[in-house]
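*Asks:*
In the working numbering, the protein residues as written are 186 to 570.
1) When you compare only the Cα positions, how much space is there between residue 239 and residue 421?
2) Between residue 569 and residue 531, which are expected to be in contact by the criterion C-beta below 8 Å, what is the C-beta distance as a whole number of angstroms?
3) If distances are taken between C-alpha atoms only, which option among 390, 562, 522 comes closest to residue 303?
4) Under a three-way DSSP split, which group does residue 560 fall into?
5) Among the residues of its own chain, which have a CB less than 6 Å from the CB of residue 371, if the five just before and after it don't count?
6) Starting from the C-beta of residue 282, find all residues in its chain whose C-beta is less than 8 Å away, skip the five residues before and the five after it, and write them out in chain order.
7) Could you tell me if residue 515 is buried or exposed, where buried requires 16 or more neighbouring beta carbons within 10 angstroms of its beta carbon?
8) Tell me whether the beta-carbon of residue 263 lies closer than 7 Å to the beta-carbon of residue 234.
9) Does the distance from the CB of residue 188 to the CB of residue 208 come in under 7 Å?
10) Tell me which same chain residues have a C-beta within less than 8 Å of the C-beta of residue 252, skipping the five on either side of it?
11) Is it true that the CB of residue 449 sits closer than 7 Å to the CB of residue 571?
12) What residues in its chain sit with their C-beta under 8 Å from that of residue 557, if we drop five residues either side in the sequence?
13) Would you be able to state if there are at least three C-beta pairs under 8 Å between the segment 377 to 387 and the segment 402 to 418?
14) Around the C-beta of residue 402, are 16 or more other C-beta atoms found within 10 angstroms, so that it is buried, or is it exposed?
15) By DSSP's criteria, residue 383 is part of a beta bridge. Which residues make up the other side?
16) Inspect the beta-carbon positions of residue 436 and residue 297 and report whether they are closer than 7 Å.
17) What three-state label does DSSP hand residue 408 in the structure shown?
18) With burial defined as no fewer than 16 other Cβ atoms inside 10 Å of the residue's Cβ, what is the status of residue 418: buried or exposed?
19) By Cβ distance, which residues of its chain are closer than 6 Å to residue 546, with the 5 residues on each side in sequence left out?
20) Return the first residue and the last residue of the beta strand (DSSP E) that residue 292 is part of.
21) Can you check which of these residues, 266, 292, 293, 286, is closest to residue 280 by C-alpha distance?
22) Rounding to the nearest angstrom, what Cα-Cα distance links residue 321 and residue 256 in this structure?
23) Express the C-alpha separation of residue 539 and residue 521 in angstroms, rounding to a whole number.
24) Pull the bridge partners of residue 220 from the DSSP assignment, please.
25) Give a yes or no on whether the C-beta atoms belonging to residue 295 and residue 247 are separated by under 7 Å.
26) What's the call for residue 388, buried or exposed, on a 16-neighbour Cβ count within 10 Å?
27) With respect to the beta strand (DSSP E) encompassing residue 316, which residues constitute its N-terminal and C-terminal limits?
28) Taking residue 417 as part of the alpha helix (DSSP H), name the residues at either end of that continuous run.
29) Would you mind stating whether residue 340 and residue 193 have Cβ atoms separated by less than 7 Å?
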């Protein structure tokens, strides 16, 4: 998920060297540390961000394979920047920016990150692919809640959640450990919660079609439930949103193998499993999820593999305009409560709260004309007065 956020960050701020270094070889593109060091050395000599060096990879003399890999990565970031901001490089014109979930799906698909994880035989990688699927669903839900929300707005909200997750509980000091069933072996806790005890999740839809897959999933479930010393909570949903689409969820077949006298059923919604109403027990079919899919329309289809065909005209550096437009890198700009700022769109305002989180620091600003707004300090179009 952090890799996905790094890709999204590059879409709105391609000059973020930390984000670029994180994903330049994720998934593997054959761009090793030596290549990154050569890029950094050239950037340091010219006093420019890494992103600028990537625009002319052939100047590094790294060979055709590496030059092609760097060029493909560079084009991926430009495509995402166009989707996220609507700014056309080298032109003053804008096109409508795409919503955050479309930018995210474009990046996950075109980069190969989702496919690399989903096709891996490592269960941990498959779990990571499912986390990316859930991230796409969450981004779609964000679009429903905030129809005008941009990719920067979405990143701002994610930063707020990340900051909250890092806060210690001043009252209880309690902690919750989150893990997959594969990593739970050998650990024990007084209370254990296993969520998503549903068909297609447990057993997983892929494992269910493999020889011995059901037995292995049953073993994993047993590992999970035996981690509880005192209390065990199993939960399932009547329907589940995946990739923004809602499908009916069926209880896992493993639940029927637990003696009934050991289970205390609690229904939080009414008409649930075991009830006489129109709940899960009365459903005889399940809609298939459409699955992770690539965006096939919109601005992303405008791009060709420029620079890979013979006779293609060279593109002078001077023609490049920052694809982030009004978005910019504010560097180490520090804001404190009481500071006054000017926003390109919202006008003047006063800082009323600052949530420190490194490069994802968020400031709450009260604007006279627009009310209170949350801004991602690093990239927001603001000037400190």
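Every residue, glycine too, gets a C-beta built ideally from N, C-alpha and C.
*Replies:* Well, looking at it:
1) 47 Å
2) Actually they are not in contact, since the Cβ atoms of residue 569 and residue 531 sit about 14 Å apart, beyond 8 Å.
3) 390
4) strand
5) none
6) 268, 269, 270, 271, 335, 336
7) buried
8) no
9) yes
10) 242, 243, 245
11) This structure cannot settle anything about residue 571, because the visible part of the chain is limited to 186 through 570.
12) 537, 549, 550, 551
13) yes
14) buried
15) 436
16) no
17) helix
18) exposed
19) 562
20) First-last for residue 292: 285 to 295, but that is the alpha helix (DSSP H), not the beta strand (DSSP E).
21) 266
22) 26 Å
23) 7 Å
24) DSSP output for residue 220 lists no bridge partner at all.
25) no
26) buried
27) No beta strand (DSSP E) contains residue 316, which is instead part of the alpha helix (DSSP H) from 308 to 330.
28) Per DSSP, residue 417 belongs to no alpha helix (DSSP H); it is in the beta strand (DSSP E), 413 to 419.
29) yes
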